[in-house]
Amino acid sequence: MTSILSEYARLIRLPGLGGLSVSPVFGAITVGMLSLFDLSLLFLIGVFSAVYGFVLNDLVDIDVDRLSKELSDRPLVSGTISRKAALLTCFLCVVGTFTIIFIFFYKPHVHFYLALLCIVLAAFFGTLYNVFGKKFVGSDVLVALSEALLVLFGTFVVLKDNGSPNMFTWIVFILTFNQLLYMNAVEGGLKDADHDYLMGVKNIALASGVKVSADKKITVPLSFKAFGLLIRFFSAYLIFIPVLFYGTEYYEIWNIFLLLLLVIGVLYLSIKLLCIKKFDRKRIRRLISLQTFLRYSAVPTMLIPVIGLLYAFILIILPFAWYIMLTPLIGGKIFQPGI
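Residue numbers (the working numbering): 1286 to 1624.
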């Protein structure tokens, strides 16, 4: 029983769910929703959405993953979990999501229907990406849009009748889009560059000329580096828009300084990743994990004037604590997830 539970935990990427399920939560807090009960429900919806995407992606990618020795122990590749069980997991995630939405958030108002539209579109774009994403270049936009729509879902589903999305909502929406685009197109493209081409995968990395030689040397063209850094610098600019708009009347100096440190850390690690010379999946995973956590922490830090220090602290600590506590349960090492 313990072995099966461990395999399911690996299938759904349990250690990473703490940081990958918060998009609806961020959307809600940008418009002042601070109810722990409602935020917990939105987090659970985020969990269902993330698990649905991960499991569906693994189902579609079984043949590709079999080409990589390092991915041969994945539950679906190794056969420890069947395709039928994985499909059932996806189905239960969909049922769980809409059950929560209609039981706890239903209201006969346009905001509810906008929220419903957002999550349906998020599921549509996410499914489209997982099923057809490797067949055309630029499909990463689909999964990025899917995740960003979850931010708007979280906003509209708790929005008061006379309320509307604000500047912070749209900044978090675009930041989420940028992060997912970077994760899939840049980080994912580099991480899987050694075997994606074997299955005729079409993505931005391969189209740009990223390739791994027989002696594990990786070539990362200048155009691909520029693409990755453009996303990062645009995100850095977005994070500081509220600071530029409100200034020190809204933000304290230490808050601005902390934001600056986080942004510098993300940019430094991004440059380090894009300038690698040798293909080392473990090192790539470590760099991905470190910059993901730093970038994630920047959003609650930016929102401190809106949600307060306590909520920002909880949002920053949650994914770290979740990840550190649960990673050993699946036999993983800290900052070296099996992604």
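Heads up, the beta-carbon is just placed ideally off N, CA and C, and yes, glycines get one too.
Within 10 angstroms of its Cβ, does residue i collect 16 or more other Cβ (buried), or is it exposed?
i: residue 1243; result: Residue coverage of the chain in this structure runs from 1286 to 1624, which leaves residue 1243 outside it and unanswerable.
i: residue 1384; result: exposed
i: residue 1330; result: buried
i: residue 1467; result: buried
i: residue 1380; result: exposed
i: residue 1405; result: exposed
i: residue 1524; result: buried
i: residue 1447; result: exposed
i: residue 1311; result: buried
i: residue 1393; result: exposed
i: residue 1335; result: buried
i: residue 1624; result: At residue 1624 the pLDDT is 45, less than 50, meaning the model places this residue with poor confidence and gives no usable figure here.
i: residue 1481; result: buried
i: residue 1532; result: exposed
i: residue 1304; result: buried
i: residue 1325; result: exposed
i: residue 1530; result: exposed
i: residue 1522; result: exposed
i: residue 1293; result: buried
i: residue 1328; result: buried
i: residue 1400; result: buried
Taking residue i as part of the alpha helix (DSSP H), name the residues at either end of that continuous run.
i: residue 1308; result: 1308-1314
i: residue 1432; result: 1425-1443
i: residue 1540; result: 1538-1559
i: residue 1340; result: 1321-1345
i: residue 1468; result: From DSSP, residue 1468 is part of no alpha helix (DSSP H); its letter is neither H nor E.
i: residue 1513; result: 1507-1524
i: residue 1387; result: 1368-1389
i: residue 1486; result: Unbroken run through residue 1486: none, as it is neither H nor E.
i: residue 1304; result: 1302-1305
i: residue 1598; result: 1589-1611
Which of helix, strand or coil does DSSP assign to residue i?
i: residue 1291; result: helix
i: residue 1496; result: strand
i: residue 1419; result: helix
i: residue 1577; result: helix
i: residue 1624; result: Any reading at residue 1624 needs caution, since the residue's pLDDT is 45, under 50, leaving its predicted position unreliable; the model's value is listed next. Coil, per DSSP.
i: residue 1365; result: coil
i: residue 1501; result: coil
i: residue 1563; result: strand
i: residue 1478; result: coil
i: residue 1449; result: coil
i: residue 1317; result: coil
i: residue 1393; result: coil
i: residue 1568; result: helix
i: residue 1358; result: coil
i: residue 1456; result: helix
i: residue 1398; result: helix
i: residue 1535; result: coil
i: residue 1615; result: helix
i: residue 1297; result: coil
i: residue 1583; result: helix
Out of the options, which has the shortest C-alpha to C-alpha gap to residue i?
i: residue 1549; options: 1400, 1511, 1518; result: 1518
i: residue 1338; options: 1410, 1303, 1300; result: 1410
i: residue 1690; options: 1313, 1609, 1529; result: Nothing can be reported for residue 1690: it is not among the residues displayed for the chain, which extend from 1286 to 1624.
i: residue 1544; options: 1507, 1498, 1514, 1601; result: 1601
i: residue 1342; options: 1361, 1326, 1479; result: 1361
i: residue 1555; options: 1413, 1565, 1514; result: 1514
i: residue 1306; options: 1584, 1596, 1435; result: 1435
i: residue 1630; options: 1597, 1504, 1615; result: Nothing in the structure corresponds to residue 1630, since the chain is present only between 1286 and 1624.
i: residue 1374; options: 1345, 1297, 1590, 1400; result: 1297
i: residue 1541; options: 1585, 1501, 1566, 1568; result: 1585
i: residue 1288; options: 1326, 1340, 1366, 1320; result: 1366
i: residue 1322; options: 1398, 1389, 1316; result: 1389
i: residue 1315; options: 1345, 1440, 1382, 1332; result: 1440
i: residue 1516; options: 1430, 1464, 1395; result: 1464
Does chain C have any CB closer than 8 Å to the CB of residue i?
i: residue 1379; result: The structure shown contains no chain C; it is built from a single protein chain.
Stretch pair the segment 1482-1490 + the segment 1417-1436: three plus CB contacts closer than 8 Å: Taking a cut-off of 8 Å for Cβ pairs, the segment 1482-1490 and the segment 1417-1436 touch, as three or more such pairs fall below it.
Contact the segment 1559-1575 vs the segment 1532-1545: 3+ CB pairs below 8 Å: The segment 1559-1575 makes no contact with the segment 1532-1545: fewer than 3 CB pairs, one atom from each, lie closer than 8 Å.
Stretch-stretch touch, CB-based, cutoff 8 Å, three pairs: the segment 1447-1454 with the segment 1493-1504: No, because fewer than three Cβ pairs between the segment 1447-1454 and the segment 1493-1504 fall closer than 8 Å, the two stretches do not touch.
Segment contact flag, the segment 1576-1589 with the segment 1550-1557, C-beta cutoff 8 Å, min 3 pairs: Result yes; three or more Cβ-Cβ pairs closer than 8 Å.
Contact between the segment 1502-1513 and the segment 1602-1609 (3+ Cβ pairs under 8 Å): no
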